Amino acid sequence: MPTTPVYPYFATTLSRAAHINTSNPHSIHSLNHLLASRSHTSPHLPILGIPVPPSPKSAVWTLETYTWLDILHASHTLARWLHSEFNLPRRTKEHAGREMSVGLLCPSNVEFVVAWLACMRLGLAPVLLAPQCTPEAVGGLLRQTKATHLLWHACYAGLAHAALEGQDGVDIVGVEMPAPTVWKTRIEEEVEVIDMALSPEEESETTAFYFHTSGTTTGIPSPIKHLHAWSTLVQPSLPYASTTNLPVTGEGEEEGRLVKAPAVFTTTPLYHGGTADLTRSMMSDGMLWLFPADVLPITANNILQCVETIQSSYAPQEERMRVGYFSAVPYVLQLLWDAGAEARTMLASMDLVSFGGAPLAKDLGTAITRSGIRLISKYGSAECGFLLCSYRDDDALDPEEGWGFVRLDPTYEGRYLRMEERDEGRFELIVDPSYPQLGKVNREDGGYATADLYERHPTVGDAWLHVGRADSVVALVSGKKFEPAVVEDAVRGWFGKCVVRDVVVFGVGRMCPGVFVVPAEDSDLGEGEELWERVRRAMELWGVPKHARVGGKELVVVLGPDAEIATSSKGTLLRPQIWKRYEKEIEEAYARFDGRSGGDDAEIVSDADLMGWVRNVVTSGVGVGKEKDLGDDSDLFAFGVDSIMATRLRAQLLRGAGDGVRLGMNVVYDHPSIKKLTEHILRSRRGEEVVEGKEQVMLEMVEKYGSGFLAHEAGDESTEEDGEVIVVTGATGALGAHVVSLLLSNSGVRKVVCLVRASSTLNALERVRASLKARKINISDVDLERLECLPAKLGEKNLGLGDDGYEKLRKEASCVIHAAWAVNFVAALESFENDHIAGARHLIDLCLSSPGKQPAKFFFCSSGCTVLSGDVPSTIPERVVEHPSSAGSMGYAQSKWVTERICAAAHSSSSLHNRIGIFRLGQLSADTREGVWNEQEAIPLMFKSVDSVGALPALEEGCAWLPIDIAARAIVEIALGAGFGRRASQDEESVPVWHITNAHMETRWEDVLGWFKSWLEEHNRTLDIIDPAAWVRLLAESEPDESVNPSRKLLGMWQTAYGDSAAEGQGGEEPPFEVIMAERDSAAMRVVGRVREDVMKRTFESWRKSGFLRV
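Going by full-length UniProt numbering, the residue at position 967 of the sequence shown is 967; the numbering climbs one at a time, nothing skipped.
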C-alpha cells in the first residue's frame, strides 16, 4: 500500500499541498526536472491524450495518446530543430543567470504542449499568447517580456505577421512552427538529451513561462511571470484517489481501497487555465485529455462525442485512462445542462465536475447537484495558483448548497489565507506573504489582496461564498472579464452630463452585461429601439470590447431620475450594493432578454416580417462597417461571430420567435446565416421537422453557384502560345506536390503558379517547398525559377490577390488544376461553402475572365466518395451523378458532389464547354520511386500492427491502389493534352469525368501479404496470417498506448468491418470504377497494371527506414 496521502489531486489547493509536501516531499523542482525524472521512472505511462475526429486517416473517432517518453523525445526533437534551424537562443552555463523569453501563439492542442516544453528545454520562457489578442496586444506582450522570437502556428499567421509588422524597430524574429511530423516521426527514437545549464534546484526559481492579463482597462495585456517551482515544487504528487471520499461503485469494492486517480478531461485552453490542469495532472502522474478545440467548436455534442470515445476505448478497470474528473468554465456546464439527458448522464458519471474562472448561476448549480452530479467550485488566479475549493469530505453542508461554498480549513488554507471584513458582512480574501506561490504583492506586509469578496456561511464557519469583487472587474459566465467603466464611460460620453446622471453596468455571472441608465432631470433619453441604437452606437464608436458590450435593448434599464445610486465618500460607484438593491430589476431584464418573460413590449414577429427582423438582429451584432457587406446567405462566422455573440443572438431571436419555439444552444452554429436562421424559426413555428434536408441544401448550392456564369470576351491572342501558365491549388498536399513537380519538368509549361493559404509570398513559397521535401521530390534550381507561389484566399472573389494580382493572373493563366480541399469528415456541408465551393466558382470565373481566344481550362479534383452511396451500380461510370443521395451523409463528400454539379453546369451553360473537366480520384498509394506513403492512413497502419500482434488479417479483397505519382502524371497528361478526346462512354453534352483509379484488381490482398511475409523473413521477422476477426481480437488485446501501438487508433473501424459482430457485407469490395475516358486520354493510365511486388517492397523499405516498422 502506498504511503502517499490519499486525496484527489484534482481538488488539492496549494495550501493543502504545502501540508502534504512537508511530510511527503517529492523533490521535483522544475518542469524540465519533472519530464526527465518521469520519463526515466515511468517512460511508457500515458499522460496526455486528445480525441481525433474522423478524417482521411480514419472514418471513425480515434484517440492520440502520449507517454512521458513520447513527450520527452518530441520536445527535445523540436527544441533542437528550433535551435539549429531558426537560431532560437539557448541558455548556456556562461549566461546561466540570464532569463530569455519567446512568444508562443498556438492552438490548444498537443503541438502546444510540445512547443511549450521545447522552449523551456532551451532555457526560454514561452509567453502564452491567447489568439483572441489584437496584433497590438501581442506586440505589447512581446516587448514587455523582451522576447527575441515569436513562434507561431500556421493558423495564426495573419495575427503573427500583423504583430511583428507593428514593432517599430524592435527586432523580434517570427518563426512558423513546423508540421508535427518533425517530431512525430522521431517520437519512438532515442534522442540526444539537451544538457541543462542550471541544476533543477537553480532552475526552480527561474521563469518557466508567462501568462497574461486580458488588458481590459488599458487595452494592452500585462504579462504574469510563472516560476518553475509553482508548477512543480509547490504542487502535490497524489497519484491515487480514495473510494473513501467518493461514492463506491461496483460490487465487492471495499471502502478505502486505493486506486489510480482517474483522467481529467478539460475544455479550458492551454494558453489560459488549461496549463494549470496540465501541470497539476503531470505532477500526480495523471492522464489529461484535451478537447480538440483547434478542429472542433465547443458544443455539447462534440464534448459528448469526445468523452464517449474515451470511455468506450477503455475497460472499467482501466480507471486511470477513463475520464473521472471533468474541468470546465460555467459556460460549458450551461451548454451541457441545456443539451438534455445524455449530457447530464455523462456529467453524473464523473467522480468530480469542477468549474472556475467565473461565477456559476445559483439556480444552475443547485439543479446540477440535485441531479446527482458531484459539482465543485475551484478558485484560483494566475498570480497565486489554486487558492480555494468547495470539495468537501464532511456532511456539514447540504450538497445542493455546498457546491458553491469554498472551504478555508484552518489546518490547511487558514495557514496562508485569511478573510478581512470590508463592509456589510463582506470579506476580502488576503494571501499571506508566506504563501507558496505569490506572483504579485500589493500590500505593505508583502501579501496580496485578491479583491475577491466572500460571505461567511451562517452556520459553518470555514465555508465561504464568493459574492463579487472589491475592484470593478465584472466576470461573465464565459470566464471573460472586463472593466465596467469602459462601457459606462462610453454611454455617459455619448449622452453627456445634461442627459445622463449615472450609468452602472451589471451582469456578473451572466453571458453578457446590461446597464442601468439614470437620466438627468427633464432630459430626453429616448426609449425602446431609439435608446438601444444610441447605446449600441456609443459602444462601437468608443471601442468597447465585443464581450463587454450590452447584449440587447432589454438589458438597457432606465431607472427614475431620483434612483438611489450608492457611492463612496470619494464619489466612486459601489456597484455590489447597487446590484443588490436593484436585484429584481436585473432579474426581470435578463428574463426579457432570454425570452422567459414576454412583458408588454414583447414582439412576436410575423412570418412575413421575420426575415427582416432576423436581419436587424444579426446586423446589429456584427459591428460597425461590416453590416453593409453582410448578405442573407453570408456565413456569420466569417463576419466575426464567436461563441459569445452566437449566444447573444440566440437570446435575441428567442424573443421574436414566438411561444413554444425552441432554439437550441447551438442554433447559430447549425444555421449560420440570416436566411437559414429565418427558415429554421419558420419550420419550428409550423411544428415541422427542424433538421434540414441536406439533399435540398445541396441542390440549392448547385443552383446558387452553378448559374449566372460570366460571358467570356474572346481576345485575339492565345494564352498558351508562349507556353502554358498553370495555376495549381493544393500544392501543400501530396497529390498537389507531385502535380507541381511534373508541370515544372514539362518544357511546354512556362510557369506554375501555386495559390496557397499563407501569410505572405515568402511563407507561401516556404510551405510549397516543405511539401516537396516531405515527399522526397527534388526539383532543380532552374525549374524552381518557373515556380511562383502566392498567398491566396479562394473564398474571396479576387482570390485574395488584390486587384493588381488578380488582373495579372487573369491575363496569364491558361489552365487551373484545383486540388485544394479540406479533408474534414466531421464538418457539415455548410462549412465547405465559403472557402471551397465558392472558391471553386471563383476559380471558374477566373478562367472565364481570361482575355485569350478561349477561356482558361479548369480541372477539379473530386473523390470517389461522391458516388458510393444511394443506388450504386455494379460498375460506376465516368459521369456526374444527378441525385445528391450518391454522396451519402458526410459533408466532405456532399461538398465534392455539389462542386461536380457546378462544373457540369459550367460545361453546359458557359464558354467552358469542353474546357472543363473532373478528375474523380480513388485510393492512392505510395509513389513508385521512393515508396513514400502517409503512415497515418488506414492501410499503412494495418501493416504497422505486425509490430504489436505479429499477424495480419486474411482479407478477401482486391487491391485497387494507384501510386500517387501515377495519378499526378495522369492529371497532367490530360490537363496538357491537345484536346479532351472523343468521349466514348458519355454524351458529348456532359462534362468530362476521368476516373483516376486503378481498375486492375488482379493483385489480391493475399498476394501483398505474401510479399510482406517474404520481405519480413529477409529481415529475420515472421508473420502470421489469421482470420480477420481473430486479428481484431488480438489488436484489441494488444498494447493500449497508441503512441507505441498506433494501429489501435483504427480499432473501432476495423471492429465494425471485420470483428465478430461485423454486419454481413462489411469490409467487402467497392464496385469497380469505369476508366474508359481516363485510359483514352492518358498514357499513364493506359499502362496502369496490377499492384506490383517491387513497388510494395520499396514501400516496406521506406517504412523501415523511417522507423515506422520495427525491422
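We put the beta carbon where it would ideally sit given N, CA and C, even for glycine. The structure presented is a predicted model; accordingly, all values stated were derived computationally and were not measured.
- Can you give the Cα-Cα distance for R422 and R469, rounded to whole angstroms? 11 Å
- Item | C-alpha distance - residue 1125 paired with E1042, whole-angstrom precision | Residue 1125 cannot be examined here, being either before or after the span of the chain that is shown, 1 to 1111.
- Item | Under the three-state DSSP convention, the category F1108 falls into | The three-state reading of DSSP puts F1108 in coil, since its state is none of H, G, I, E or B.
- Would you list the residues sitting across from L352 in a DSSP beta bridge? Y325
- Residues that H466 bridges to, as DSSP identifies them: Y454
- Query: Leaving out five residues before and five after S222 in sequence, what residues of the same chain have Cβ atoms less than 6 Å from its Cβ?
  - Reply: T213
- Query: Using DSSP with H/G/I as helix, E/B as strand and the rest coil, what is L924?
  - Reply: strand
- Should V782 be labelled buried (16 or more other beta-carbon atoms within 10 Å of its own) or exposed? With fewer than 16 other Cβ atoms within 10 Å, it is exposed.
- Item | Opening and closing residue of the beta strand (DSSP E) in which F1073 lies | Here F1073 belongs to no beta strand (DSSP E), and DSSP marks it neither H nor E.
- Query: Quick one: what does DSSP say R1098 is sitting in, helix, strand or coil?
  - Reply: helix
- Message: Bridge partners for P51 per DSSP, in chain order?
- Response: L63
- Query: Under 9 Å, do T22 and L238 count as touching if we go by C-beta distance?
  - Reply: no
- Message: Please report the distance separating the alpha-carbon of L843 from that of S850.
- Response: 11 Å
- Measure the alpha-carbon distance for I916 versus V329 and round it to whole angstroms. 51 Å
- Confirm, please, whether the CB-CB distance from H995 to E1074 is below 9 Å. yes
- Check whether the segment 290-300 touches the segment 350-366, counting contact only when three or more Cβ pairs, one atom from each stretch, lie closer than 8 Å. no
- Message: Using the three-state DSSP reduction, which class does P135 fall into: helix, strand or coil?
- Response: helix
- Item | Where L755 falls: helix, strand or coil (DSSP) | strand
- Reduced DSSP secondary structure (H/G/I, E/B, other) of M890: coil
- Message: Just to confirm, is the Cβ distance from H226 to G357 under 9 Å?
- Response: no
- By the 10 Å Cβ neighbour count, where 16 or more other Cβ atoms means buried, how is V690 classified, buried or exposed? Legend: pLDDT at V690 = 44, less than 50; position of this residue unreliable, no value from coordinates given.
- Query: Taking Cβ positions, are V881 and I918 nearer each other than 9 Å?
  - Reply: no
- Nearest-angstrom Cα separation, counted from Y391 out to G380: 14 Å
- Determine, using beta-carbon pairs with one atom in the segment 750-761 and one in the segment 723-734, whether at least three such pairs fall under 8 Å. yes
- State the DSSP-derived secondary structure class of P519, mapped to helix, strand or coil. strand
- Task: Under 8 Å by Cβ, that's how I've got S862 and L921 pegged, so tell me the actual separation to the nearest angstrom.
- Result: 7 Å
- Query: If we count the other Cβ atoms within 10 Å of its Cβ and call it buried at 16 or more, is C498 buried or exposed?
  - Reply: The Cβ neighbour count for C498, taken over all protein chains shown within 10 Å, is under 16; the residue is labelled exposed.
- Query: If you count every other CB in all the chains shown that lies within 10 Å of the CB of N87, and 16 or more means buried, which is it?
  - Reply: It counts as exposed.
- Task: Return helix, strand or coil for D502, following the three-state DSSP convention.
- Result: strand
- Can I71 and M287 be called in contact, C-beta distance under 9 Å? no
- Query: For H44, is the classification buried or exposed, using 16 other Cβ atoms within 10 angstroms of its Cβ as the cut-off for buried?
  - Reply: exposed
- Query: Can you pull the DSSP bridge partners for E788?
  - Reply: V753
- Query: DSSP state of S214, grouped into three classes?
  - Reply: coil
- Message: Beta-carbon within less than 6 Å of M100's beta-carbon, same chain only, minus the 5 sequence neighbours each way: which residues are those?
- Response: P89 and L124
- For V768 versus L787, is the C-beta distance shorter than 9 Å? yes
- Task: Return the Cβ separation of M283 and T232 in integer angstroms, given the expectation that the two are a contact with Cβ distance under 8 Å.
- Result: Between T232 and M283 the Cβ distance is about 6 Å, and since that is below 8 Å, they are a contact.
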